[in-house]
Amino acid sequence: MNLRKSERGYSFLELIVVIGMITVILGMALVSTSSMLPAFRANSAMDQVYGQLRAARAIAISQRREVQVQFTLPNQIQLTRLDQPTGTTDLGTIALEGKASFLVFVGVPDTPMAFGNAAGVYFGGMSGGPPIMKFNSTGGFVDAGSNPINGTVFVGITGRQDTARAVTVLGATGRVRQYHWTGSQWAE
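Under this note's numbering, think of the first position of the sequence shown as -5, with each following residue one higher.
Written out as structure tokens, the structure reads:
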């Protein structure tokens, strides 16, 4: 078989152009991925807070016990089942992943639920919330006197306002909702 010179393969110039195009596309993908990484970490932290609160509520309802929730700065959540009258059972403590912590960003307004945003953890009109916050056996989120308390947990990565996230709890029902900051408003 006798092939002409132009039919044998790619020219050196064609290979250089293709390699250049691949390099540009990979560079764009790396820049895009590195700017999205903090947002992924913030979403993960928000999901952790949301998951812990939902789990605490589910345990309280299914086991007919109160489950106390404690937020320890800068980024830990501890769940404790209150076994009346015998004592307590530690259900575990988690730390938020990805350098996320409980914090409020200057210039970012309160969530649409408007429970307040004076601190990263804000329940019952208090920074950090009342000393005792718990889900009761009906699923409500209450204080030590069994009064329903509403509140918000704000999370994000320090210095990155685009990572602002929030999880709200409606005290009367214990409903837990997630929000992320779009740069101009909170979106569910």
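Ideal Cβ placement from N, Cα and C applies to all residues, glycine included.
Environment of residue i [buried if 16+ CB atoms lie within 10 Å]
i: residue 130; result: buried
i: residue 127; result: buried
i: residue 67; result: exposed
i: residue 73; result: buried
i: residue 13; result: exposed
i: residue 22; result: exposed
i: residue 10; result: exposed
i: residue 116; result: buried
i: residue 71; result: buried
i: residue 157; result: buried
i: residue 60; result: buried
i: residue 35; result: buried
i: residue 39; result: buried
DSSP bridge partner residues for residue i (one or two, in chain order)
i: residue 150; result: 95
i: residue 6; result: Looking at the DSSP assignment, residue 6 forms no beta bridge with any residue, so it has no partner.
i: residue 164; result: 169
i: residue 117; result: 120 and 145
i: residue 159; result: 149 and 174
i: residue 181; result: 174
i: residue 127; result: 137
Nearest to residue i (by Cα), restricted to the options the options
i: residue 50; options: 154, 87, 151 and 111; result: 87
i: residue 99; options: 178, 9 and 5; result: 178
i: residue 104; options: 82, 80, 149 and 85; result: 149
i: residue 180; options: 81, 61, 67 and 106; result: 106
i: residue 135; options: 164, 153 and 116; result: 164
i: residue 83; options: 54, 29, 117 and 137; result: 54
i: residue 108; options: 45, 62, 7 and 173; result: 173
i: residue 167; options: 61, 142, 161 and 147; result: 142
i: residue 30; options: 182, 162, 160 and 151; result: 151
i: residue 147; options: 119, 15, 138 and 57; result: 119
i: residue 47; options: 145, 79 and 63; result: 63
i: residue 95; options: 154, 18 and 16; result: 154
i: residue 111; options: 80, 81, 162 and 90; result: 162
i: residue 160; options: 114, 124, 132 and 169; result: 114
N-terminal and C-terminal residue of the beta strand (DSSP E) that residue i is part of
i: residue 132; result: Neither: residue 132 is in no beta strand (DSSP E) and is coded neither H nor E.
i: residue 74; result: 70 to 77
i: residue 88; result: 81 to 89
i: residue 60; result: 60 to 66
i: residue 102; result: No beta strand (DSSP E) holds residue 102; DSSP gives it neither H nor E.
heavy atom of the ligand SAM below 8 Å from residue i C-beta
i: residue 131; result: Looking for the ligand SAM in the displayed structure turns up nothing, as the structure carries no ligands at all.
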